[in-house]
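**Student:**
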Amino acid sequence: MGTSGLTLADLPNIFIMIGALVALFVMLVILLRNMEVIGIVGEGREDAWSRTMPPPRLLMQRVHIPFTFKIQENAPIGYSGVNCCVSSTVRYWHASWWGAPVRELHRTLWGSLADILSSSQLKFTKSGPHDEGPMRLSTVEPLQLGPPPRTCYPLVVILARDLKDIGELRPDDTVALVSVVHIRDEQCPLPSAVIAQYLKQANGHLSCLKQLYVTGECGEETEGYTEGSEHGDVALCCVCAAQPLSRALLPCRHACLCARCLPKLDKCPICRSAITSYFCIRNEEEPLSELKQQQRFPFNRRLFNLFHYH
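At position 137 of the sequence shown the residue is numbered 137 (full-length UniProt numbering), and the sequence of numbers has no breaks.
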């Protein structure tokens with residue numbers, strides 16, 4: 001008579017079946033976990049950082065800028081003249097370059113401060129330090145820049161330190177602020193505004209200033225601000241609403257997270273773009289408890305991330 005019991009010869013086959021089922025289960029979990037990554041569903045996650053790997057922190061250095069330049073609000077602006085506001089904490093020279101050719105401008109800016117001040121394209125006027133005040137910039141000849149794309153900027157304003165005051169500066173100190181102004185006309189109807197600003201440093205480097213978008217800075221009653229709390233009148237993290245925001249995300253430049261919430265996200269909570277790196281805008285260290293836990297239990301952390309436990 002036959003028997004229905006298992007024999008030793010059947011064990012290898014059973015182990016093979018169990019191994020195949022486990023492998024299939026793991027593959028299914030990984031597939032479900034990464035469906036958005038490979039583009040099956042969702043918006044896609046190009047250049048996104050996995051939750052097991054925090055985005056790299058870029059080291060930034062605070063730079064003192066002795067000048068400010070902005071266009072006056074609600075003031076008429078055109079090729080006949082521009083009303084602006086300027087301030088400076090040092091002695092400086094200022095010049096306006098109407099119809100500045102793009103290549104010629106950048107060739108001039110990559111020179112030394114002495115080369116900029118002695119440029120034949122610019123006529124500088126000396127001023128002393130002062131608080132923010134109005135300044136009127138006007139051109140002698142009418143400009144005809146033609147239809148876009150253009151090879152000339154409508155207006156470039158340069159504020160530069162006096163050469164006598166740069167002897168004791170550090171290499172990263174600012175010696176000039178360059179503002180590129182677009183002026184609306186019939187052929188290029190974009191709104192008039194400062195479209196770019198450059199910093200010339202004492203070491204010769206030229207850096208482009210970019211706006212930082214801070215959540216909750218658009219009014220006294222905006223959510224994200226708190227008055228009379230332990231953090232004072234500062235903007236709070238838009239995720240936990242408990243800690244002051246201290247991290248600016250790149251490349252979107254939204255400053256909206258604190259140090260504790262940043263490691264939990266791989267997309268900006270404002271615009272949903274992937275977080276590729278970040279930098280600090282407040283003197284707030286990384287949460288030590290979380291860092292130590294990740295260092296002590298890296299394998300457990302990866303398991304939690306795999307199954308979406310946070």
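Note that beta-carbon positions come from the ideal geometry of N, C-alpha and C, so glycine has one too.
Please tell me whether Leu177 and Leu199 are closer than 8 Å, where the distance is taken between their beta carbons.
**Tutor:** With contacts defined as CB atoms closer than 8 Å, Leu177 and Leu199 qualify as a contacting pair.
**Student:** Assuming Val180 and Ala196 form a contact by the criterion Cβ under 8 Å, report the distance between their Cβ atoms to the nearest whole angstrom.
**Tutor:** 4 Å
**Student:** By the 10 Å Cβ neighbour count, where 16 or more other Cβ atoms means buried, how is Val22 classified, buried or exposed?
**Tutor:** Around the beta carbon of Val22, fewer than 16 other beta carbons lie within 10 angstroms, which makes this residue exposed.
**Student:** Can you tell me which of the three DSSP states Asp131 falls into?
**Tutor:** strand
**Student:** Here's a check: name, in chain order, each residue in its chain whose Cβ is nearer than 6 Å to the Cβ of Pro56, leaving out the five neighbours to either side.
**Tutor:** Ser277
**Student:** Can you find the residues in the same chain that come closer than 8 Å, C-beta to C-beta, to Pro148, ignoring five residues on each side of it along the sequence?
**Tutor:** Gln187, Cys188
**Student:** Identify the continuous beta strand (DSSP E) that holds Arg161 and give its terminal residues.
**Tutor:** 152-161
**Student:** Roughly how many angstroms separate the alpha carbons of Thr89 and Cys240, rounded to a whole number?
**Tutor:** Straight across, the Cα-Cα distance linking Thr89 with Cys240 is about 39 Å.
**Student:** Does DSSP put Leu117 in a helix, a strand or coil?
**Tutor:** helix
**Student:** Less than 8 Å separating the beta-carbons of Leu137 and Leu109?
**Tutor:** no
**Student:** Using the C-alpha atoms, what's the distance from Leu169 back to Arg282?
**Tutor:** 25 Å
**Student:** Grouping DSSP H, G and I as helix and E and B as strand, with all else coil, what is Asn13?
**Tutor:** helix
**Student:** Is it buried or exposed for Ile183, if we count other Cβ within 10 angstroms and need 16 for buried?
**Tutor:** buried
**Student:** From Lys164, Gln201, Cys280, pick the residue whose C-alpha is nearest to that of Arg91; which is it?
**Tutor:** Lys164
**Student:** With DSSP as the reference, please indicate the residues paired to Gln197 in a beta bridge.
**Tutor:** BP columns for Gln197 point to Ser179, Leu209.
**Student:** At the level of alpha carbons, what is the spacing between residue 315 and Gln243?
**Tutor:** It is not possible to answer for residue 315, since the shown part of the chain is limited to 1 through 310.
**Student:** Please classify Arg62 as buried or exposed, where buried requires at least 16 other C-beta atoms within 10 Å of its C-beta.
**Tutor:** exposed
**Student:** Using DSSP with H/G/I as helix, E/B as strand and the rest coil, what is Ser50?
**Tutor:** With a pLDDT of only 49 at Ser50, under the threshold of 50, the placement of this residue in the model should not be trusted; the figure read from the coordinates follows. Ser50 falls in the coil class under three-state DSSP.
**Student:** For Lys210, which of Ala114, Asp173, Arg253 has the nearest alpha-carbon?
**Tutor:** Arg253
**Student:** Give me the residue from Cys237, Pro142, Glu132 with the minimum Cα distance to Val97.
**Tutor:** A small fix is needed here, since residue 97 is Trp in this sequence, not Val. That would be Pro142, whose Cα lies nearest to the Cα of Trp97.
**Student:** Put Arg247 into one of helix, strand or coil per three-state DSSP.
**Tutor:** Collapsing the DSSP output to three states places Arg247 in a strand.
**Student:** Assuming Gln201 contacts Asp173 (C-beta within less than 8 Å), just tell me the rounded distance between them.
**Tutor:** 7 Å
**Student:** With burial defined as no fewer than 16 other Cβ atoms inside 10 Å of the residue's Cβ, what is the status of Leu94: buried or exposed?
**Tutor:** It should be noted that the sequence gives His, not Leu, for residue 94. Around the C-beta of His94, 16 or more other C-beta atoms lie within 10 Å, and the residue is accordingly described as buried.
**Student:** Within a Cβ cutoff of 7 Å, which residues of the same chain sit near Pro269, ignoring the five residues on either side of it in sequence?
**Tutor:** Answer for Pro269: Cys238, Val239, Cys256, listed in chain order.
**Student:** Given this structure, state the Cα-to-Cα distance separating Pro129 from Ser87, to the nearest angstrom.
**Tutor:** 7 Å
**Student:** Provide the residue span of the beta strand (DSSP E) that contains Val102, from first to last.
**Tutor:** No beta strand (DSSP E) holds Val102; the alpha helix (DSSP H) holding it covers 102-109.
**Student:** Which word fits residue 368, buried or exposed, when buried means at least 16 other C-beta atoms lie within 10 angstroms of its C-beta?
**Tutor:** Here the chain covers residues 1 to 310 and nothing more, so residue 368 does not appear.
**Student:** Near Pro54, which residues of its chain fall below 6 Å by C-beta distance, leaving aside the five closest residues on each side in sequence?
**Tutor:** Pro263
**Student:** Give me the Cα-Cα distance between Gly111 and Leu265, rounded to the nearest whole angstrom.
**Tutor:** The straight-line gap separating the alpha-carbon atoms of Gly111 and Leu265 is approximately 43 Å.
**Student:** Mind checking whether Cys152 and Ala100 have CB atoms under 8 Å apart?
**Tutor:** yes
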